[in-house]
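Chemist:
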Amino acid sequence: MKPLRNERFFIFRIELIFRFKTNQLITEIKEILFENIQEKVISVETLSGGDINFVYKCELENQTVVIKINDKDLYPEMFEKEKLGLKLLSNSSFVIPKVLSVGQKNKKAYIIMEYIRKAKPFNWELFGRNLAFLHNINNHTFGLNHDNYIGSLEQINESKDSWVDFYLENRILYLIEIAIDKGLMEYKSAKKMESLSKKIESIVPKKKPSLLHGDLWSGNLISDLEGNPTLIDPAVYFGHSDIDWAMLHLFGNPPSHSIDSYNEIIPLDYNWKDSLEVHQLYPLLVHLILFGKGYYESVMKIIKKYS
């Protein structure tokens, strides 16, 4: 019985520490909200925030907001860059949550946004049209005037005139180097990328630089009460429009009528599905680095197929 008691005591201590830290954080949240919005907090509810952020839905006297909090030293300027990304996306037809405040307190960074009340079902046909309108926001070069984040990884957005150069240098080769350093890929496996690098230009259709959400998967899509598709958690830059579809097909399985409504505005190329696979290499490498070797085979399958 003694080991069992010790085990229970250990669990009790962990729960006590967690409860104390949670209560401490909620007290800080109430202080942050009052300092920024000058409204009394009625209730605080935990939302899913992944591995990076603590996320809370907060009922105030006159409105409902979302606050995200993380370690300001681990992810410098993450929320400032999220605010810039949401501002860019607000030029589209999608509903985008308004940012109310961004700041720092007690070694924590925070962003406060309006809370979008969710509804079902999701309007995929309207989503397809809105995505086409988003991709019709163009730029002269591929990239962005600042780097940002995809998940907890820094996303390099140095401008390039060529999409192939941008994709290889700022996305694929950059992440492969990180994967090798972390022991997630071997150098000989990465060498196979040389063959793929030479073929990408013939696989990927030429397109103008389009404004992208950049991390477009089903978890970053919601529907508001009026049924309007809403985008959250962006990793924006100007890139090849197929990459948003590539991510969504990898982690979302959009229905055919969303593609049809998109196709009416921006016709997809005859080989767009090959382009999707090549562009799925980027999110798969991101997941390999963030979540481990479970994604290695998927990465190598694409490299081998097109090399």
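Just so we're aligned: the sequence shown equals residues 1 to 307 in this note's numbering.
We put the beta carbon where it would ideally sit given N, CA and C, even for glycine.
Who are the near neighbours of residue 83 in its chain, counting only those whose CB is closer than 7 angstroms to its CB and skipping five residues on each side?
Modeler: Closer than 7 angstroms at Cβ, skipping near neighbours: 99, 102, 111.
Chemist: Please give me, in chain order, every unbroken run of the alpha helix (DSSP H) with length at least 4 that falls completely inside the region 180-248.
Modeler: With a minimum length of 4 residues, the continuous alpha helix (DSSP H) runs that stay inside the region 180-248 are 187-191, 193-203.
Chemist: Since I believe residue 88 is in contact with residue 236 (beta carbons under 8 angstroms), could you give me their beta-carbon distance rounded to a whole number of angstroms?
Modeler: Their Cβ separation, rounded to whole angstroms, is 5 angstroms, which keeps residue 236 and residue 88 in contact under 8 angstroms.
Chemist: So what does DSSP say about residue 22, is it helix, strand or coil?
Modeler: Helix, per DSSP.
Chemist: By the 10 Å Cβ neighbour count, where 16 or more other Cβ atoms means buried, how is residue 155 classified, buried or exposed?
Modeler: By the neighbour-count rule (16 or more Cβ atoms within 10 Å), residue 155 is buried.
Chemist: Measure from the C-beta of residue 84 to each C-beta in chain B and report whether the shortest distance is under 9 angstroms.
Modeler: This model lacks chain B altogether; it includes just one protein chain.
Chemist: Are there 16 or more other CB atoms within 10 angstroms of the CB of residue 292, so buried, or fewer, so exposed?
Modeler: Exposed.
Chemist: So the candidates are 215, 217, 190, 243; which of them puts its Cα closest to the Cα of residue 163?
Modeler: Taking only the C-alpha atoms, the option nearest residue 163 is 243.
Chemist: In the DSSP output, what is residue 71 paired with across the bridge?
Modeler: Bridge partners of residue 71: 108.
Chemist: Using C-beta distances below 7 angstroms, list every residue in its chain close to residue 222, excluding the 5 sequence neighbours before and after it, in chain order.
Modeler: So the list reads 116, 118, 230, 232, once near-sequence residues are dropped.
Chemist: In its own chain, which residues sit with a C-beta less than 6 angstroms from the C-beta of residue 262, not counting the 5 before and 5 after it?
Modeler: Hits under 6 angstroms: 128, 131, 132.
Chemist: Is the distance from the Cβ of residue 46 to the Cβ of residue 54 below 9 angstroms?
Modeler: For residue 46 and residue 54, yes; Cβs fall inside 9 angstroms.
Chemist: Quick check: what's the CA-CA separation for residue 205 versus residue 165?
Modeler: Cα-Cα distance, rounded: 14 angstroms.
Chemist: If we count the other Cβ atoms within 10 Å of its Cβ and call it buried at 16 or more, is residue 170 buried or exposed?
Modeler: Buried, by the Cβ-count rule.
Chemist: Tell me where the alpha helix (DSSP H) around residue 296 begins and ends.
Modeler: Start and end: 296-306.
Chemist: Residue 247 and residue 283 - do their beta-carbons sit closer together than 9 angstroms?
Modeler: The answer is yes: Cβ separation under 9 angstroms.
Chemist: Report, in whole angstroms, the separation of the C-beta atoms of residue 139 and residue 251, which I expect to be a contact under 8 angstroms.
Modeler: Contact flag wrong, Cβ pair sits at about 26 angstroms.
Chemist: For residue 130, which of helix, strand or coil comes out of DSSP?
Modeler: Helix at residue 130.
Chemist: In its own chain, which residues sit with a C-beta less than 8 angstroms from the C-beta of residue 36, not counting the 5 before and 5 after it?
Modeler: Taken in chain order, the residues that qualify are 100, 101, 103, 112.
Chemist: With distances taken from CA atoms, which of 51, 173, 144 is nearest residue 192?
Modeler: Checking every option, the nearest Cα to that of residue 192 belongs to 173.
Chemist: With distances taken from CA atoms, which of 81, 202, 307 is nearest residue 270?
Modeler: That would be 202, whose Cα lies nearest to the Cα of residue 270.
Chemist: Does DSSP put residue 57 in a helix, in a strand, or in coil?
Modeler: DSSP places residue 57 in strand when its eight states are reduced to three.
Chemist: Count the other C-beta atoms from every protein chain shown that fall within 10 angstroms of the C-beta of residue 305, then say buried if there are 16 or more, exposed otherwise.
Modeler: Its Cβ having fewer than 16 others within 10 Å, residue 305 is exposed.
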